[in-house]
Structure formats: structure tokens, C-alpha cells
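A.B. asks: Dumping the structure here so I can ask a few things about it.
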Amino acid sequence: MAENLSALFTNSTNRSISGTSAPNPSIYIFTPAGSTIKQALVFSMVTVALIGFVGGSLILHFLSQNKQPIEIQSSRFIKNLNLYIKSLALSDILSTLVSLPLTCIQISFDLFQTHWACKIVRYFNIVFPVITICNLVVIGIEKHLSLRRVPRTLSATAVRKLIFLAWFAGFAVVLLPATTFTGIRHDLNETHFTVICKYDTEYLPARIAFVSFTALVYYLPGIFLIVVNTLLVRKVHLRLKVNMMVSIQVDNSKQAKLRAAKIRGTVLLTTMTFAFIIPYFGYMGYAAYNMIAKPDIDFQTDYVIRFSSGVIAFSNSAVNFVIYVVQMRGFRIFLKKLVCSARPAVIPEQFDNAAKPGTRPGTTAYCAQVIEMAELPTH
286 MAENLSALFT NSTNRSISGT SAPNPSIYIF TPAGSTIKQA LVFSMVTVAL IGFVGGSLIL
346 HFLSQNKQPI EIQSSRFIKN LNLYIKSLAL SDILSTLVSL PLTCIQISFD LFQTHWACKI
406 VRYFNIVFPV ITICNLVVIG IEKHLSLRRV PRTLSATAVR KLIFLAWFAG FAVVLLPATT
466 FTGIRHDLNE THFTVICKYD TEYLPARIAF VSFTALVYYL PGIFLIVVNT LLVRKVHLRL
526 KVNMMVSIQV DNSKQAKLRA AKIRGTVLLT TMTFAFIIPY FGYMGYAAYN MIAKPDIDFQ
586 TDYVIRFSSG VIAFSNSAVN FVIYVVQMRG FRIFLKKLVC SARPAVIPEQ FDNAAKPGTR
646 PGTTAYCAQV IEMAELPTH
């Protein structure tokens with residue numbers, strides 16, 4: 286492998302981060318970033334992948350099992366909310382099953398570093414985050430319509446079609462930046478060099494394609510989403526004030542529950558949007574900086590920055606699981622029931638009499654009733 290790579294790059298242009306003009310070294314080394322750094326990166330990615338996969342699978346299972354009151358279940362807002370969460374969760378699951386394992390293999394073994402293998406791996410690294418941001422743009426468009434003087438909520442059928450379009454657009458648009466990745470040679474010293482799958486900062490068309498992709502697919506949608514969600518936060522704040530005034534007066538309990546569900550759903554989507562956009566500022570910003578400025582950074586520092594920012598960006602799937610747990614009371618109860626059914630529950634004494642008469646202690650039904658009684662009111 287080393288001899289082949291050495292022969293491949295002997296006559297090529299020296300693309301060294303250090304910018305040295307020394308003769309091309311002839312001894313190949315596989316990404317000399319240090320075993321400790323590589324192990325830490327792989328461990329972080331495996332941890333994120335496990336949490337993201339389990340969390341995404343659980344939320345999909347919860348939504349398929351969740352039964353809500355008819356007045357809430359029939360609401361357009363709730364139907365659309367469930368579609369959004371399912372689509373985002375599916376993107377998270379595929380990211381943990383495809384993107385992260387491929388990256389771990391590339392870090393640990395001398396594979397996928399050159400030619401089409403490099404481009405294909407980077408395609409699958411990028412595609413699911415891009416699909417996520419396309420989904421968030423769909424959510425942002427619908428929420429923008431709800432902020433108009435005459436609010437409009439799209440039908441579930443229209444939202445389903447837009448989500449399908451978002452997935453199709455994500456798979457298609459990533460073809461452009463994937464072509465900018467190739468095996469880049471880095472001369473480490475006068476005798477040794479390495480090759481890594483990375484965006485090409487020397488080839489002008491590749492630089493233009495990557496920077497254009499970053500601006501059109503991340504920064505412009507990111508600005509749009511920040512503006513829309515900031516306005517949504519203001520709207521939710523005003524609604525909370527109105528709801529406090531209404532609660533003092535005579536209120537329809539069904540309508541109150543629906544309003545509360547809409548507010549919780551809006552807060553959930555807003556939180557997930559900011560949780561996605563903020564971590565990707567570092568990853569995409571550093572990539573764009575390299576493309577435009579081409580800074581003089583040593584190989585190990587560049588390697589650590591790129592992959593560490595990648596871990597932070599991919600941790601969005603694990604962060605989403607935490608958001609689901611914090612924001613969704615029904616999901617918390619669902620998780621507690623799962624834990625309760627897996628092993629005998631330890632029932633706090635103050636809730637020991639919470640179950641309905643006739644329910645046998647120690648059973649799943651008994652545990653579920655106690656959990657529902659012990660769960661704090663929705664905030």
C-alpha cells in the first residue's frame with residue numbers, strides 16, 4: 286500500500302500544509318496524528334453513535350405507540366410535528382449507522398483515503414446532516430407562514446411531500462461538494478509523507494464549488510432559520526402571557542391542552558433547530574476558512590481540529606435525544622415504563638398508593654400508573 290501511494294504521488298504537485306519546497310519525500314506513513322488522539326476520536330464517535338441510534342429508535346417507537354386525545358391528534362400542527370420529528374429522527378439514525386462508522390474506519394485503518402472511495406465516504410459523511418438542514422428549512426417555511434398576519438398551517442399531505450422533497454434535494458445537492466474531496470498529500474518532513482481524504486484547497490474549481498455549497502446549503506439557510514426561530518420564540522413568549530390571562534378566566538380544557546401542546550411543540554422544534562445550527566458553525570466555518578485563506582497549519586493540528594469539530598457536529602443526534610427527554614413529558618413516561626417493564630420497580634413510599642385499586646403491585650400496569658401519578662406537570 287505504501288509503495289503504491291508513493292509511486293502515485295511522486296510526480297504530483299506537492300500539496301503540503303507546511304508549504305515546504307523540499308524534494309518530495311518517498312516514505313509513506315498512515316495519518317501520524319497519534320494513537321491516543323485517534324482512539325479518543327473513535328471513542329467519542331462510537332459514544333455519539335450509540336446514544337443517537339438508541340435515542341432515534343426510541344422516539345420513533347414512541348411516536349408509533351403514542352395515543353393522544355382526539356382533539357389533539359386531529360390537529361394539523363400535531364400531525365405535522367410528528368412528521369417532522371420522525372424525519373429528523375430517521376436522519377439521525379442513518380447518520381449513526383452509516384456516516385459515523387465509515388469515519389471511524391477511516392480514522393483507524395488505511396482505507397478510503399484516495400480516488401472514488403474517498404469521495405463516496407465523504408458523500409455519506411455529509412449527506413445526512415444536509416438532509417437534516419433541508420428538513421429544518423421545511424419546518425422554517427411552515428413556521429414562517431404561521432407568523433404572517435393571517436396565519437396558515439400546511440396540511441399533513443403537503444408537509445409529507447415537502448419532507449420527501451427535502452430528502453431528495455439532500456441526496457442530490459451533496460454530489461457537488463463530494464467531488465471536491467480527494468487524496469491530498471502532506472509532506473511531513475524531508476523523508477516522510479502521508480495522504481488523507483480531504484477537500485482540495487489548491488484546485489480553484491473545487492474551492493469555488495465547496496465555498497458555494499457552504500454558503501447556499503448552510504449559511505443562508507442557517508440565517509433564515511435563526512431569524513424565523515427568533516421570531517417564533519417571541520411569539521411563544523407572547524402566547525404564554527395570553528394563556529396566563531386566559532387561565533384566570535373561564536377556559537375550555539380541551540382548547541387549553543391543544544394550546545399547551547402547540548407551545549411545547551414549537552419550543553421543541555426551535556430548540557432542535559438551534560442545537561443543529563450552532564455546532565456546525567465550527568465545522569463548516571473551519572472548512573470554508575481553509576478553502577479561502579489556505580492557512581499554514583501543521584498536519585496534526587489540522588487533523589485534530591477537523592475531526593474534533595466533526596464529532597461536535599455529529600453529536601447533534603445525541604443532543605436531540607436529550608431534547609426529546611427534556612421537552613416531551615409523554616416520552617419521559619414512555620422511557621420510565623420501558624425501564625419499569627425491564628426490571629422490578631422500586632416504588633417511592635409517597636406514591637405507593639397511587640395505582641388504581643385492584644392493580645397487583647409489581648406488575649407493569651401498576652408501575653405505569655405510579656409513574657404517571659408521580660410525573661410532574663408539564664412545564
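Following my numbering, the numbering of the sequence shown begins with 286 at its first residue and continues without gaps.
Glycine is no exception: its CB is placed at the ideal position from the N, C-alpha and C atoms.
Keep in mind that this is a model prediction, so the values were computed, not measured.
#1: Could you check what DSSP says for Thr-321 in three-state terms: helix, strand or coil?
#2: Using the C-alpha atoms, what's the distance from Cys-403 back to Asp-485?
#3: Starting from the Cα of Thr-499, find the closest Cα among Val-383, Arg-614, Val-412, Lys-323 and give me that residue.
#4: For the beta strand (DSSP E) containing Lys-483, list its first residue and its last residue.
#5: Does Asp-472 come out as helix, strand or coil in the three-state DSSP assignment?
#6: Taking all protein chains shown into account, decide if Ser-440 is buried (16 or more other Cβ within 10 angstroms of its Cβ) or exposed.
#7: What would DSSP say about Tyr-313, mapped onto helix, strand or coil?
#8: Just to confirm before moving on: does the CB-CB distance between Ser-602 and Val-333 stay below 8 Å?
#9: Whose CA, out of Ile-392, Leu-366, Tyr-369, Val-331, lies closest to the CA of Ser-320?
#10: Using alpha carbons as the reference points, say which of Cys-482, Ser-384, Tyr-488, Asp-581 lies closest to Ala-598.
#11: In this structure, does DSSP put Thr-467 in helix, strand or coil?
#12: Determine the extent of the alpha helix (DSSP H) in which Ser-431 is found, giving its start and end residues.
#13: Measure the CB-CB distance between Asp-395 and Phe-466 and report whether it falls below 8 Å.
#14: Give me, in chain order, the residues of the same chain whose beta-carbon lies closer than 6 Å to that of Phe-416; leave out the 5 immediate sequence neighbours on both sides.
#15: Express the C-alpha separation of Leu-432 and Ile-418 in angstroms, rounding to a whole number.
#16: Under the rule that 16 or more other beta-carbon atoms within 10 Å means buried, what is His-471, buried or exposed?
#17: Out of Ala-573, Pro-386, Ser-360, which one is the CA nearest neighbour of Phe-338?
#18: So, Tyr-369 versus Ile-424, is the Cβ gap smaller than 8 Å?
#19: Would Gln-398 be called buried (16 or more neighbouring beta carbons within 10 Å of its own) or exposed?
#20: By the three-class DSSP mapping on this structure, what secondary structure does Met-613 have?
#21: By the three-class DSSP mapping on this structure, what secondary structure does Ser-329 have?
#22: Name the two residues that bound the continuous alpha helix (DSSP H) containing Val-496.
#23: What's the C-alpha gap between Phe-478 and Ala-318?
#24: Measure from the alpha carbon of Leu-326 to the alpha carbon of each residue in Cys-389, Arg-361, Thr-381, then state which is nearest.
#25: Counting pairs of beta carbons, one from the segment 507-514 and one from the segment 610-630, are three or more of them closer than 8 Å?
#26: Measuring CA to CA, which of Lys-621, Arg-492, Ile-562 is closest to Lys-579?
#27: DSSP three-state label for Ser-359, please.
#28: Using 8 Å as the threshold, is the C-beta distance between Met-576 and Phe-495 below it?
#29: With a threshold of 8 Å, are at least 3 pairs of Cβ atoms found where one atom belongs to the segment 584-593 and the other to the segment 552-564?
#30: May I have the straight-line CA-CA distance separating Gln-324 from Ser-594, to the nearest angstrom?
#31: Restricting to runs no shorter than 3 residues, where is the beta strand (DSSP E) found entirely within the segment 554-580?
#32: Candidates Tyr-503, Leu-473, Lys-352: which alpha carbon is nearest Asn-420's?
#33: Taking just the CA atoms, how far does Ile-363 sit from Val-422?
#34: Am I right that Lys-371 and Leu-345 are in contact with their C-beta atoms under 8 Å? What's the rounded C-beta distance?
#35: If I measure Cβ to Cβ from Val-513 and keep anything under 7 Å in the same chain, skipping five residues before and after, which residues do I get?
C.D. replies: Taking the structure as given:
#1: helix
#2: 12 Å
#3: Val-412
#4: 477-484
#5: strand
#6: exposed
#7: strand
#8: yes
#9: Ile-392
#10: Ser-384
#11: strand
#12: 400-431
#13: no
#14: The question names Phe, but residue 416 in the sequence shown is Ile. Contacts found: Ser-376, Trp-452, Gly-455.
#15: 20 Å
#16: buried
#17: Pro-386
#18: yes
#19: buried
#20: coil
#21: helix
#22: 489-498
#23: 12 Å
#24: Cys-389
#25: no
#26: Arg-492
#27: coil
#28: yes
#29: no
#30: 16 Å
#31: none
#32: Tyr-503
#33: 18 Å
#34: 6 Å
#35: Gly-425, Lys-428, His-429
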